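Just so you know, we're using this note's numbering here: the sequence shown kicks off at 50 and counts up by one.
Each residue gets a CB set at the ideal place from its N, CA and C atoms; glycine is no exception.
Values in this document were obtained by computation on a predicted structure and should not be read as measured data.
Presented below is the structure to which this report refers.
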Amino acid sequence: MKYSLFIAVLAIILLPFNTQADEQEKKFTLGAGTYDLRIAYDNSSLVDGYFSGVGVSASYAFTNKYAIRGEYYRLEHDDDSGLDVDGFDLVGYYGTGLITKGVKAYVGVGIFTEMHDSSNLTENFKGLQLNGGIGYNWDAVSLEFVLGIRDVSDYKDYIEDTGGISTKARAVSGSIIFSARI
């Protein structure tokens, strides 16, 4: 995986924070990690979009059950290095264990907005998404996996408007986030 070294370096940098922390509730996290986006079409004449890259996130937990997270991501198409994606997610979560040490799990709803950019075309996409995640909070660091299911209206409309092809689509995002808890 091309971003494994990035995650390893981040873990080494943030690990000392864990040894200096006290055991109190921590509401703010600042993290980074991998980010993947998959856009699949039912029409076999269309090429599915497989994108991977990195994301930087910040979250704030109002209580142990309610939180909000924003994540900026930069992705590259897995087969076409000339196609890049810059985007942003904003999601509100309901869950358990969001500010205390131990296991945490959550579900949420939010929005995404992104720009797909190639050498000859730039297109913007946005919509709603449902997210869920599971992770673990140590004293000063956190590790979690987040999965998102996206509204595909903009992706589908783009294909139908530019190519005249009718299709169904599915879009899923996934992140592994390593964070410092503040």
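With fewer than three CB-CB distances shorter than 8 angstroms, the segment 125 to 136 does not count as touching the segment 109 to 117. Here Lys205 carries a helix assignment [DSSP, helix/strand/coil]. Taking 8 angstroms as the cut-off, the Cβ atoms of Asp203 and Gln178 do not count as close. Of all alpha-carbon atoms in Ile148, Gly181, Leu139, Asp135, the one lying nearest the alpha-carbon of Thr171 is that of Asp135. Within the model, the alpha-carbon separation for Tyr109 versus Tyr185 is close to 16 angstroms. By the Cβ neighbour-count rule, Asp85 is buried, with 16 or more other Cβ atoms within 10 Å of its own. In the three-state DSSP reduction, Asp210 falls in the helix class (H, G or I). Rounded to the nearest whole angstrom, the C-alpha separation of Leu79 and Ser224 is 14 angstroms. The Cβ-Cβ distance between Gly182 and Val221 does not fall below 8 angstroms.
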